[in-house]
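Worksheet: the structure to be examined is printed underneath.
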Amino acid sequence: MTRIVDPVLDDLRQKILRMGSLAEAILQKSLDAIFKRDAALAREVRIDDLEIDRMELAIDEAVLRALATQAPVADDLRKVVAIKMMATDIERVGDLARNIAKSALRLSEDPAGELPDGLRILADESRRILRSALDSFSQYDAKRAADVLDDDDVVDERQDDVIRNAIAGISRNPARTSQEVDFILVAKNLERVADHATNIAEDVILVTEARNVKHASKLAADPGAAEGDGDG
Amino acid sequence: MTTISRPAERSQLYLTKITTRDLNVWYGEKQALFSVNLDIERNRVTSLIGPSGCGKSTYLRCLNRMNDVIEGCRVEGKIALDGDDVHGEDVDPVQLRARVGMVFQKPNPFPKSVWENVAYGPRIHGLATGRAELDEIVTTSLERAGLFAEVKDRLDDPGTGLSGGQQQRLCIARAIAVQPDVILMDEPCSALDPIATARIEELMEELRARYTIVIVTHSMQQAARVSQRTAFFHLGAVVEEGETGKLFTDPREERTRDYITGRFG
Ligand SMILES: Nc1ncnc2c1ncn2[C@@H]1O[C@H](COP(=O)(O)OP(=O)(O)OP(=O)(O)O)[C@@H](O)[C@H]1O
Ligand SMILES: [Mg+2]
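Here the protein sequences line up with chains A and B, keeping their order. First residue of the first sequence? That's 1479 in my numbering, and the numbers climb one at a time after it. First residue of the second sequence? That's 906 in my numbering, and the numbers climb one at a time after it.
What follows is the structure in structure tokens.
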């Protein structure tokens, strides 16, 4: 049976999937700009990001309409809310790609400089995690989403590697401080990409299993967490 | 050693207004309710939802023994109000129906004045001595039903001359006038426009400070808005009962989900 709400949910889902692929593409482009030292690519990222912003507005509008006209409940409601939250995270990924492209512009002025291996590894990891998160959404696959949550720590470690090496590089050769700082900035932005991918995976778990796993480990470790757990 | 009731027991005692245990109802040969167990919490609005014919009205009518007057209707099981069996030998159904008042889908004021509509119950139940006291009950009841300001200059006009929404609030005032504990409402807004509906919904929120309210509604949004607890009935049984916010975001039972999201087919 097709319900009136089904095509509405379907449309939202298509919109967020398109927005997600665009975010993946723009992240890829910003990283290509870094690794190929391509200033022209870096400049394109800025334009592409505007399209992501436009898509976020379209999703906001569609979400408000869906809530107003369909008054969704249960898993329908969780889907609509998750899509709204995902749109926010995907839009942020676009902004982060733009930041990376800014670093790419600066780094392109120094075509001879070495790029750290750690940055490549981190870039691959972050991209892979974003891809997994978006895939887990497109298939409503809670298992895959849970794997994304586990992977987040790996990215943190990679980021720390890059930062440590960059700081060492600065003390070895202060003349290259500007480049090393950009490596740190790119690493930081990539780590944030993975954070947003984690949020997306958490949204998928909210949709599929009706569990809110946000801040789960942090809150579980809080000694005050034992109280106030009832349903008041 | 003194025994102190455990906190869980105390809060049970405090929270539960009506307990229903193993309630079965038949109309002739046909069984309409199957082993219903349901607790209605004090000072809360409880919504009963479910497809047409699932037994919501039948259950509601059990709570004040309105089924007694339906020919061929047989009720088995236990319903306790504040711990007392409503089917107890010493229970007078007329008194019970004052304590557990009812408001129907279609506003049904008597073909009498506004004042008479409200004063009738307290008078026959002997709740007032003299006109002054009755006047006071009428005023307070109309005020609590959020109607007094609109009708204070028309108390002698016929109740049937009011708008649908006003008539429904008049019926609520009539129920309130006999000092009930519980107010049952069977689809009270289904004949009302959105504004009149909103007024009744606000009223429920105010009234629950004093009364326990059970409402049958076909509007999922209304159930979600007005009630703290929701029970989903299907085929004469309670499928799921729980906190309203939880039931509408993450129902425990698949059948509940299918019903509230319109997947039933
Ligand atoms: N007076 C009656 N005599 C015979 N059968 C009845 C009577 N009242 C209800 N029933 C039957 O009992 C079952 C439950 O009816 P009930 O009116 O309680 O359902 P409901 O959930 O209130 O439905 P609706 O949403 O349509 O008001 C139905 O099968 C109905 O046909
Ligand atoms: Mg009914």
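All C-beta atoms in this analysis are idealised placements derived from N, C-alpha and C, irrespective of residue type, glycine included.
Every residue with a CB closer than 7 angstroms to a heavy atom of ligand 2 is listed here in chain order: B:K961, B:S962, B:D1091, B:E1092 and B:V1121.
Every unbroken stretch of the beta strand (DSSP E) spanning 3 or more residues and falling wholly within the region 1097-1157 of chain B is given here in chain order: 1117-1121, 1134-1139 and 1142-1148. Counted as a single uninterrupted DSSP element, the beta strand (DSSP E) harbouring Y932 of chain B occupies residues T921 to Y932. If you ignore the 5 residues before and after K1493 of chain A, its C-beta comes within less than 6 angstroms of the C-beta of I1537, all in its own chain and listed in chain order.
For a Cβ distance threshold of 8 angstroms, residue set F1153 and T1154 of chain B lies close to L1555 of chain A, ordered along the chain. DSSP, reduced to helix, strand and coil, places F939 of chain B within a strand of the structure shown. At the C-beta level, L1039 of chain B and I1077 of chain B stay beyond 9 angstroms of one another.
Cβ atoms of V1144 of chain B and R1162 of chain B stay farther apart than 8 angstroms, at about 10 angstroms. For F939 of chain B, the distance from the CB to the nearest heavy atom of ligand 1 is not below 8 angstroms. Restricted to the region 1646-1678 of chain A, not a single alpha helix (DSSP H) segment is unbroken, complete and at least 4 residues in length. Look at the region 1533-1564 of chain A: the residues with a C-beta under 8 angstroms from a C-beta of chain B are A1549, P1550, V1551, A1552, D1553, D1554, L1555 and R1556. Checking the 8 angstroms criterion, the Cβ of F1153 of chain B is out of range of every heavy atom belonging to ligand 1. Membership of E1592 of chain A in any alpha helix (DSSP H) is not indicated, and neither H nor E is assigned to it by DSSP.
V1691 of chain A has a beta carbon lying at 9 angstroms or more from every beta carbon in chain B. Ligand 1 has no heavy atom closer than 8 angstroms to the beta-carbon of I1530 of chain A. Against chain A, a Cβ distance below 7 angstroms from Q1133 of chain B picks out nothing, because the smallest value is about 10 angstroms.
Against Q1072 of chain B, chain A offers no close residue; the least beta-carbon distance is about 28 angstroms (beta-carbon pairs closer than 8 angstroms).
In this structure, DSSP gives S1581 of chain A a helical state, which the three-state scheme calls helix.
Within 7 angstroms of the CB of R1481 of chain A, the CB atoms of chain B belong to G1167 and R1168, in sequence order along the chain. Residue burial is scored here from C-beta neighbours: D1681 of chain A has at least 16 other C-beta atoms within 10 angstroms and is therefore classed as buried.
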